[in-house]
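Chemist:
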Amino acid sequence: MKQAGQLKQARTKQWATRVGLGMLGLSSSAFAQSADPVEWQLNMGRGVTTLSNHAYDAHMMAFWICVGIGLVVFGAMAWAVFAFRKSKGAVAANFSHNTTAEVIWTVIPVVLLVAMAWPATTKLIAMYDTRQSEMTVKVTGFQWMWKYEYLGEDVAFTSRLDRESDRIRQDGERPSAEKNPHYLLDVDHVLVLPVDTKIRFVITADDVIHSWWVPALGWKQDAIPGIINEAWADIRTPGIYRGQCAELCGKDHGFMPIVVKAVPKAEFRQWLAAQKAAAAPEPAPAAAPATPAPAAETPAGPAAEPATAQVAPPAAAPAAG
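Residue numbering for the sequence shown follows the numbering used here, starting at 78 and increasing by one per position.
Next up, the structure:
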């Protein structure tokens, strides 16, 4: 009984710790959020790119401003309810308006909105600035897969739902977190990208509207037939980052996962060289050199060289009588 009570107490303490950390947007294993969501997470993650950090910073700035406004408003309300309650004989003031108060509660929100709009606008402009990109990847959405092309490198491939996830969903098998941790979130060919590199994405679709979305990159972009949309990312941390199509695109919309594998630059160059070598056509076999035909032979031996014709000298003319 005592051991059972201690175990229950430990579990309760662990659960309370997770809830407390979750309310702060932290994981139980570290104070910095990872790119993937964690158990009991309530706040958004930082992500692994400049743009995702911009979004996180803007979110946290607005959050703390809202917290400050809430503390002031509800603090003033609580103080007014307590200090000017009826039991203390408080009498409500009889006036229609107060110019000073109206100016204050108009000017302060305007200042706060400008303070939030300025950094948000600059970061929004930076989100669409694809200049000085070091490489370009073309993303094309199909029903229901993605095609990736490394422009200028002659490397392209399609990325589909992995066979194991496809087998499980079609067989009606019940997946588990232990056996299938990435069920419906894995692919047969991952998109390999280098870290610390500004990568430009051009995104379109072949049939219907799709949406390419990897939360760790900090943005999502619609893939629309006949239209080229742009985005960029500079992944700072090596790792595997997952996403999905975020636009309802047909019956298999839920089976269009995205997997990005970020690797160091040297490893990416090796991978790219291997892809080029695998896609290169095999060289044609070299033609065998021609063998000269042997000279003809006679039964008595090698054929004799043709004799040179002997021309007799002309006869002398008879002498005149």
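Every residue gets a Cβ at the ideal spot worked out from N, C-alpha and C, and that includes glycine.
All figures in this text were calculated on a predicted structure; none of them were measured in a lab.
From the DSSP output, which residues share a beta bridge with Met212?
Modeler: Locating residue 212 in the sequence shown gives position 135, where the first residue counts as 1. Its beta-bridge partners are Ile276.
Chemist: According to DSSP, is Asn171 part of a helix, a strand, or is it coil?
Modeler: Here residue 171 is taken as the residue at index 94 of the sequence shown, counted from 1. Of the three classes helix, strand and coil, the one that applies to Asn171 here is coil, per DSSP.
Chemist: Can the beta-carbon of Leu268 be found less than 9 Å from the beta-carbon of Ser236?
Modeler: Start at 1 with the first residue of the sequence shown, and residue 268 comes out as number 191. Start at 1 with the first residue of the sequence shown, and residue 236 comes out as number 159. Cβ distance < 9 Å, so Leu268 and Ser236 count as in contact.
Chemist: Taking the straight line between their C-alpha atoms, what separation do you get for Trp296 and Ile312?
Modeler: Reading the sequence shown from its first residue, position 219 is the one you call residue 296. Reading the sequence shown from its first residue, position 235 is the one you call residue 312. Going by the C-alpha atoms only, they are around 13 Å apart.
Chemist: With DSSP collapsed to three states, give me the class of Met333.
Modeler: As a first step, residue 333 must be located in the sequence shown, where it is residue number 256. Met333 falls in the coil class under three-state DSSP.
Chemist: What does the alpha-carbon distance come out to for the pair Leu103 and Met137?
Modeler: In the sequence shown, the residue the question calls residue 103 occupies position 26. In the sequence shown, the residue the question calls residue 137 occupies position 60. Confidence is the limiting factor: at Leu103 the pLDDT is only 38, short of 50, which leaves the residue's position unreliable and the question unanswerable from this model.
Chemist: Just the C-alpha distance for Phe234 and Gln209, rounded to the nearest angstrom, thanks.
Modeler: Here the question's residue 234 lines up with position 157 in the sequence shown. Here the question's residue 209 lines up with position 132 in the sequence shown. Those two C-alpha atoms are separated by around 25 Å.
Chemist: Which class does Pro341 belong to by DSSP, given the choice of helix, strand or coil?
Modeler: For the purposes of this step, residue 341 is taken as residue 264 along the sequence shown, with counting starting at 1. Pro341: coil per DSSP, three-state reduction.
Chemist: Kindly give me the distance between the Cβ atoms of Ala343 and Pro315, rounded to whole angstroms, as I take these residues to be in contact under 8 Å.
Modeler: What you label residue 343 is simply residue 266 of the sequence shown in a count that begins at 1. What you label residue 315 is simply residue 238 of the sequence shown in a count that begins at 1. About 12 Å separates the two Cβ atoms, so there is no contact after all.
Chemist: Indicate the three-state DSSP secondary structure (helix, strand or coil) for His259 in the structure shown.
Modeler: As a working mapping, residue 259 is identified with position 182 in the sequence shown. Looking at His259 - three-state DSSP - the assignment turns out to be coil, as it is neither helix nor strand.
Chemist: For Val115, verify whether its CB is less than 8 Å away from any heavy atom of the ligand NAP.
Modeler: The ligand content of the structure shown is nil, which means the ligand NAP is not present either.
Chemist: Phe161 by DSSP, collapsed to three states: which one?
Modeler: As a working mapping, residue 161 is identified with position 84 in the sequence shown. Annotated three-state conformation of Phe161 is coil, per DSSP.
Chemist: From this set, Gly327, Ala169, Met212 and Ala351, which residue's C-alpha is nearest Gly218's C-alpha?
Modeler: Translated into the one-based positions of the sequence shown, residue 218 becomes position 141. Nearest of Gly327, Ala169, Met212 and Ala351 to Gly218, Cα basis: Gly327.
Chemist: Which residues share a DSSP beta bridge with Gly316?
Modeler: For the purposes of this step, residue 316 is taken as the residue at position 239 of the sequence shown. According to DSSP, which records beta bridges pairwise, Gly316 is partnered with Ala339.
Chemist: Would you identify the three-state DSSP class for Asn306, choosing helix, strand or coil?
Modeler: Sequence index remark: in the sequence shown, residue 306 carries index 229 (1-based). If DSSP states are grouped into helix, strand and coil, Asn306 belongs with the strands.
Chemist: Below 9 Å between beta carbons: does that hold for Val214 and Phe278?
Modeler: For the purposes of this step, residue 214 is taken as the residue at position 137 of the sequence shown. For the purposes of this step, residue 278 is taken as the residue at position 201 of the sequence shown. Taking 9 Å as the Cβ cut-off, Val214 and Phe278 qualify as a contacting pair.
Chemist: In three-state DSSP terms, what is Ala300?
Modeler: As a working mapping, residue 300 is identified with position 223 in the sequence shown. Strand, per DSSP.
Chemist: Decide yes or no for the touch test of the region 282-296 against the region 341-357: beta carbon pairs closer than 8 Å, at least 3 of them.
Modeler: no
Chemist: Could you please give the first and the last residue of the uninterrupted beta strand (DSSP E) stretch that includes Ser242?
Modeler: The residue you call residue 242 lines up with position 165 of the sequence shown. Looking at the DSSP string, Ser242 is not in any beta strand (DSSP E); the run it does join, the alpha helix (DSSP H), is Arg240 to Asp248.
Chemist: Using DSSP with H/G/I as helix, E/B as strand and the rest coil, what is Val42?
Modeler: This structure cannot settle anything about residue 42, because the visible part of the chain is limited to 78 through 398.
Chemist: Taking the Cβ atom as the reference point for each residue, do Ile301 and Ala282 lie within a distance shorter than 9 Å?
Modeler: Taking the first residue of the sequence shown as 1, we reach residue 301 at position 224. Taking the first residue of the sequence shown as 1, we reach residue 282 at position 205. Contact flag set, yes.
Chemist: Which value, in whole angstroms, describes the spacing of the CA atoms of Asp243 and Gly152?
Modeler: Taking the first residue of the sequence shown as 1, we reach residue 243 at position 166. Taking the first residue of the sequence shown as 1, we reach residue 152 at position 75. Taking the straight line from one Cα to the other gives about 55 Å.
Chemist: Whose CA, out of Pro271, Ser164, Thr126 and Leu228, lies closest to the CA of Pro341?
Modeler: By one-based count along the sequence shown, residue 341 stands at place 264. Minimum Cα distance to Pro341 is reached at Pro271.
Chemist: Distance check for Tyr133 and Ile146, CA to CA, integer angstroms please.
Modeler: Along the sequence shown, one-based indexing puts residue 146 at 69. Along the sequence shown, one-based indexing puts residue 133 at 56. Computed Cα separation, rounded: 20 Å.
Chemist: In whole angstroms, give me the CA-to-CA distance for Tyr227 and Met212.
Modeler: Looking up residue 227 in the sequence shown gives position 150. Looking up residue 212 in the sequence shown gives position 135. Whole-angstrom Cα-Cα distance: 8 Å.
Chemist: Once the 5 residues before and after Lys200 are set aside, which same chain residues still bring their CB inside 7 Å of it?
Modeler: What you label residue 200 is simply residue 123 of the sequence shown in a count that begins at 1. Answer for Lys200: His131 and Ala135, listed in chain order.
Chemist: How should Ile202 be labelled, buried or exposed, when 16 other C-beta atoms within 10 angstroms of its C-beta is the threshold for buried?
Modeler: Here residue 202 refers to the residue found at position 125 of the sequence shown. That one is exposed.
Chemist: Can you look up Ala233 in the DSSP assignment and give me helix, strand or coil?
Modeler: Counting from one through the sequence shown, the residue named residue 233 turns up at place 156. Note: Ala233 maps to strand in three-state DSSP.
Chemist: For Ala109, which residues in the same chain have their Cβ closer than 6 Å to its Cβ, ignoring the five residues on either side in sequence?
Modeler: The count along the sequence shown starts at 1 and reaches residue 109 at position 32. With a pLDDT of 36 at Ala109, under the threshold of 50, the modelled position of this residue cannot be trusted, and the question is left open.
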